[in-house]
Amino acid sequence: MPSPAPPEDPLIACLHRAALDPAGWQDFVLALEQGLGCAKASIHGVAERSGAPFLSVAGSFDAAFARSYLAHFHRINPFVPLSAAMSPGRARMSPMDLPDDALRRTEFYNDWLRPQEDLAIAVAVRSRPHADRSLVLSLNLRRRDGERAASRAQRLLDRLEPHLSHAFQVAEIISALSLGGGRAEAGGGGGLMMVDDGLSLIWADDGAAAQDGRVFRLDPFRKVIFQNGAMQDWARAACRSPGGAGRPPPVFRAADGWQIRLAQPGDGICLPSPFFGGHSFSRPRMLFLLSRAAGEPSRIPGLRSRFGLTPAEAEIARAIAQGLTTAEIAMARQTSLHTVRNQIRSVLGKMEARHRIDVARILAQDRS
C-alpha cells in the first residue's frame with residue numbers, strides 16, 4: 001500500500017491556491033494551525049527598503065487581541081526588528097535571538113502574549129523576496145508545549161519555505177498584471193476594481209489602480225483599505241451581504257467628492273481578463289466602481305454640447321453617474337418609470353455607452 005501523504009502536502013496545496021487567490025493565504029494559515037495543533041500563525045509583509053513588517057493575515061488570533069496589536073502592540077513587539085533582519089530561506093526559533101528571561105520582562109509578553117495561552121515561543125521563516133518585498137510566516141507556540149514542539153514547527157517551516165516563496169512570487173506577478181497592465185496618470189477620475197468578500201483586490205483597471213495611495217492603499221496581500229473610514233465600513237458591509245438582507249445603499253459618497261458603487265449583475269459590465277471565466281477563486285467576488293461624484297449643475301451645458309443631450313437627458317446622465325437606480329431617478333424627477341427608461345436609453349445612445357457604468361466613467365474622466 002502507498003505510504004500516507006506527509007503532513008505538509010495539504011499545506012502545499014493551500015499555497016498553490018494562494019498564489020492565484022488572495023483568500024488562500026488565510027486558508028493556509030488556518031490549515032497550518034490545525035496541522036500543528038499547538039500554535040497560532042500569522043503572516044507579515046515586509047518591505048525590503050523600510051524593513052518594517054506589519055500584520056496581514058492573523059490566523060485564529062482572538063479578534064480583540066488582533067485589533068490591539070494593530071492599535072498598539074506592534075510598536076513594542078520585540079520580534080519586529082528580528083523579523084526584519086532575518087535571512088530568507090531558513091526558519092528560526094525566538095530563543096535563538098531573544099532569551100526567555102529578556103522576553104519575560106517586556107510589556108509585549110506580559111500584556112499581549114501571556115494572556116493568550118502564554119504564547120511564549122515564536123518560530124518564523126522569511127520567504128525569498130520578489131522585487132523589494134517578502135513574507136515572514138510566524139508561529140507562536142504555548143510555553144507548556146516547549147521547545148520540542150518548536151523544533152517540530154521549525155522543521156515543517158523549513159520544508160514549506162520553497163513553496164511559500166514560490167506562491168508569494170507568483171502572487172506578486174499576478175497582482176502586478178491584475179492592475180490593468182499599467183497605471184493611469186495620478187489624479188484620474190477612477191475606474192473599476194474587483195475584490196473578494198474579504199476586500200482582497202483581484203483586479204483593477206488603470207483608472208482605479210491610479211488611486212492606490214490616494215483613495216485607498218493595499219497591504220501585501222492586496223487587501224483594499226480605503227482612506228475614508230466610513231467608505232471602508234460601507235465596502236465591508238457590501239462584501240458581507242452583496243445581494244441579501246442588510247446590504248448597504250448601492251452608492252457611498254464621501255465628502256471629498258469620491259464615491260464608490262457596488263455594480264450589480266444587471267449592469268452588464270464586460271471584464272477584460274481571462275481569469276474571470278475560470279474557477280480559481282474560492283470566494284465570492286464583488287465589482288466596485290470608484291469615481292468622482294458627478295459635477296456641479298454648471299457642467300450641464302458642457303454635457304449638452306459635447307453629447308447633444310437635452311437638459312433633461314443631461315440631468316439623467318448626472319443621476320446615472322451618481323449611482324441612482326431608475327426608480328430613484330423617477331422619484332427625484334417626479335416622473336414615470338417609463339419616461340426615465342426611455343431617457344436612459346437615449347442617453348446611452350448619444351454617449352455611445354454600452355451600459356450605465358460607462359456613463360459614470362465618461363463623466364469621471366471628463367471631470368479629472
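UniProt numbering applies: residue 1 is where the sequence shown begins, and numbers increase by one.
Don't be surprised by glycine CBs; every beta carbon is placed ideally from N, CA and C.
Keep in mind the model is a prediction, meaning the values are calculated, not measured.
| Check | Outcome |
| --- | --- |
| Is the separation between the beta-carbon of residue 19 and that of residue 130 shorter than 9 Å? | no |
| Could you spell out the range, first to last residue, of the beta strand (DSSP E) harbouring residue 140? | 133–141 |
| For residue 47, list the residues DSSP reports as bridge partners. | 133 |
| Could you check the C-alpha separation between residue 239 and residue 253 for me, to the nearest Å? | 17 Å |
| Exposed or buried, what is residue 342 when buried is set at 16 or more other beta-carbons lying within 10 Å of its beta-carbon? | exposed |
| Using the C-alpha atoms, what's the distance from residue 168 back to residue 135? | 8 Å |
| Cα separation between residue 8 and residue 363? | 52 Å |
| Checking the sheet assignment: what are the DSSP bridge partners for residue 190? | 291 |
| Have a look at residue 201 and residue 101 and give me their C-alpha separation to the nearest angstrom. | 42 Å |
| On the three-state DSSP scale, how would you describe residue 151? | helix |
| DSSP three-state call for residue 324: helix, strand or coil? | coil |
| Using only alpha-carbon positions, find the residue among 290, 313, 132 that is nearest to residue 210. | 290 |
| Considering only DSSP beta bridges, list what residue 196 is partnered with. | 285 |
| Which same chain residues, not among the five before or five after residue 340, have their C-beta less than 6 Å away from its C-beta? | 326, 329, 330 |
| Please look up how many angstroms separate the CB atoms of residue 285 and residue 196, rounded, as I've assumed it's under 8 Å. | 6 Å |
| Does the separation of the CB atoms of residue 193 and residue 324 fall below 9 Å? | no |
| Would you check if the segment 158–165 and the segment 110–123 touch, i.e. whether three or more CB-CB distances between them fall below 8 Å? | no |
| My assumption, with CB atoms under 8 Å, is that residue 38 sits in contact with residue 149. Please give the rounded CB distance. | 5 Å |
| Between the alpha carbons of residue 230 and residue 35, how many angstroms are there, rounded? | 38 Å |
| Taking the alpha-carbon positions, what's the residue 263 to residue 117 distance? | 44 Å |
| If I follow the unbroken alpha helix (DSSP H) through residue 76, where does it start and stop? | Neither: residue 76 is in no alpha helix (DSSP H) and is coded neither H nor E. |
| Return the chain-ordered list of same chain residues with a C-beta closer than 8 Å to the C-beta of residue 172, the five sequence neighbours on each side being excluded. | 130, 131, 133 |
| Who are the near neighbours of residue 11 in its chain, counting only those whose CB is closer than 7 Å to its CB and skipping five residues on each side? | 28, 31, 32, 35, 160 |
| In or out: residue 86 buried (at least 16 other Cβ within 10 Å) or exposed? | buried |
| Would you report the Cα separation of residue 337 and residue 42, rounded to the nearest angstrom? | 52 Å |
| Within the continuous beta strand (DSSP E) that includes residue 340, where are the two ends? | Element bounds for residue 340: not the beta strand (DSSP E) but the alpha helix (DSSP H), 337–350. |
| Taking the C-alpha atoms as reference points, what is the distance between residue 335 and residue 311? | 15 Å |
| Report all residues from its chain with a CB closer than 7 Å to the CB of residue 16; omit the five preceding and five following residues, and keep chain order. | 167 |
| Assign residue 75 to one of two classes, buried (16 or more other C-beta atoms within 10 Å of its C-beta) or exposed (fewer than that). | exposed |
| Per DSSP, what kind of secondary structure is residue 70 in: helix, strand or coil? | helix |
| Once the 5 residues before and after residue 309 are set aside, which same chain residues still bring their CB inside 7 Å of it? | 303, 317, 347, 350 |
| Answer yes or no: the CB of residue 71 versus the heavy atoms of the ligand ADP, is any distance below 8 Å? | Annotation note on the ligand ADP: not contained in the displayed structure, which lists no ligands. |
| Name the DSSP bridge partner or partners of residue 93? | 123 |
| What does the Cβ neighbour count give for residue 21, buried or exposed, with the cut at 16 atoms within 10 Å? | buried |
| Name, in chain order, the residues that DSSP records as bridge partners for residue 18. | Its beta-bridge partners do not exist; DSSP assigns none. |
| From this set, 72, 222, 138, 143, which residue's C-alpha is nearest residue 44's C-alpha? | 138 |
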